[in-house]
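Participant: Input: one structure, supplied below.
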């Protein structure tokens, strides 16, 4: 896809995010808006996935994902962006986005496998666990002789979890050069700026010391930089080291009054705020 096409998808996904969270008056818009570009870039440009269609014209989903790239969302609270991207990619009907966080919906606040929503491979949102799961998947892919890639997205506040660092030590030890970790560096978490809650200090130096090949994307809300960065990460694989991308994003990207503040980590917009947000986000693919 051309950059403009990816930008159009991202704009629609951002509209979906604010509408979904507004519709149930619950959810996490800030981080979802910030990570929109990278998840769109992965699913519509970078990742190798099964494009076969089945019942209803939706993509055929197989939990084994043989000969497919894998994506794990560790910071599962940003489920609105994940659900929207999966729907637009063709895993299920976009109309289902209207059920977000409703009773008996498959689109719960944190993704779960028992809901059997196509595209969801793990229950996530209990922070710190996604990288460990991704390591297991990467080991399985290698054992199966596949030339595929496993991606895992984490938050920067999530780096305060101890299990992250057990996984960070394990991946280089096993020389998992089919694994790409991504850390969303928006500098915010539920209680405030990460630097004030508990500073991560120099994540680049830390991951290098653990044995990762570390690279940076300076503007994770610039689609050209995102796509170029994902391609670079792919080129760095196969050399005996896992790759970690430090992705600098803006909390609430695309909606001016949500940007840069931890206050929009988990707050839903009211009617007036929704209208103001949608005025900044062009409807490109049609609202659900």
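Numbering (the working numbering), first residue to last: 282 to 569. Note that the Cβ used here is the ideal one computed from N, Cα and C, for glycine as well. Remember, it's a predicted structure, so these values are computed and weren't measured experimentally.
Taking one C-beta from the stretch 465 to 483 and one from the stretch 435 to 442 each time, how about it: are there three or more such pairs within less than 8 Å?
Facilitator: Result yes; three or more Cβ-Cβ pairs closer than 8 Å.
Participant: Can you have a look at residue 407 and say buried or exposed, based on whether 16 or more other CB atoms are within 10 angstroms of its CB?
Facilitator: Locating residue 407 in the chain shown gives position 126, counting from the first residue. Burial call: exposed.
Participant: Would you mind reading off the limits of the beta strand (DSSP E) that contains residue 462?
Facilitator: Working through the chain shown from its first residue, we reach residue 462 at position 181. Residues 460 to 466.
Participant: Shorter than 8 Å, the distance from the beta carbon of residue 564 to the closest heavy atom of the ligand HEM, or not?
Facilitator: The ligand HEM is not among the ligands present in this structure, which contains no ligands whatsoever.
Participant: Report yes if the CB atom of residue 292 is closer than 9 Å to the CB atom of residue 535, and no otherwise.
Facilitator: The sequence position of residue 292 within the chain shown is 11, counting from 1. The sequence position of residue 535 within the chain shown is 254, counting from 1. For residue 292 and residue 535, yes; Cβs fall inside 9 Å.
Participant: Any contact of the stretch 399 to 414 with the stretch 302 to 317, i.e. 3+ C-beta pairs under 8 Å?
Facilitator: No contact exists between the stretch 399 to 414 and the stretch 302 to 317.
Participant: Using only CA atoms, which one of 316, 353, 480, 366 lies nearest to residue 415?
Facilitator: Start at 1 with the first residue of the chain shown, and residue 415 comes out as number 134. The candidate whose alpha carbon is nearest that of residue 415 is 353.
Participant: Assuming contact is defined by CB atoms lying nearer than 9 Å, are residue 400 and residue 432 in contact in what I supplied?
Facilitator: For the purposes of this step, residue 400 is identified with residue 119 of the chain shown, where counting begins at 1. For the purposes of this step, residue 432 is identified with residue 151 of the chain shown, where counting begins at 1. Cβ atoms of residue 400 and residue 432: not closer than 9 Å.
Participant: Taking the beta carbon of residue 556 as the centre, do at least 16 other beta carbons fall within 10 Å, making it buried, or is it exposed?
Facilitator: Walking along the chain shown from the start, residue 556 turns up at place 275. By the 10 Å Cβ count, residue 556 comes out exposed.
Participant: Count the C-beta pairs between the stretch 445 to 453 and the stretch 486 to 505 that are closer than 8 Å, then say yes if the count reaches three, no if not.
Facilitator: These segments touch.
Participant: Find out if the Cβ-Cβ distance for the pair residue 530, residue 289 is shorter than 9 Å.
Facilitator: Position 249 of the chain shown, counted from the first residue, corresponds to residue 530. Position 8 of the chain shown, counted from the first residue, corresponds to residue 289. In this structure, residue 289 does not lie closer than 9 Å to residue 530 by Cβ.
Participant: Ends of the beta strand (DSSP E) at residue 340?
Facilitator: The count along the chain shown starts at 1 and reaches residue 340 at position 59. Counting along the chain, residue 340 falls outside any beta strand (DSSP E), and DSSP gives it neither H nor E.
Participant: Specify, as a first and last residue, the run of the beta strand (DSSP E) that residue 353 falls within.
Facilitator: As a working mapping, residue 353 is identified with position 72 in the chain shown. Per DSSP, residue 353 belongs to the beta strand (DSSP E) from 351 to 354.
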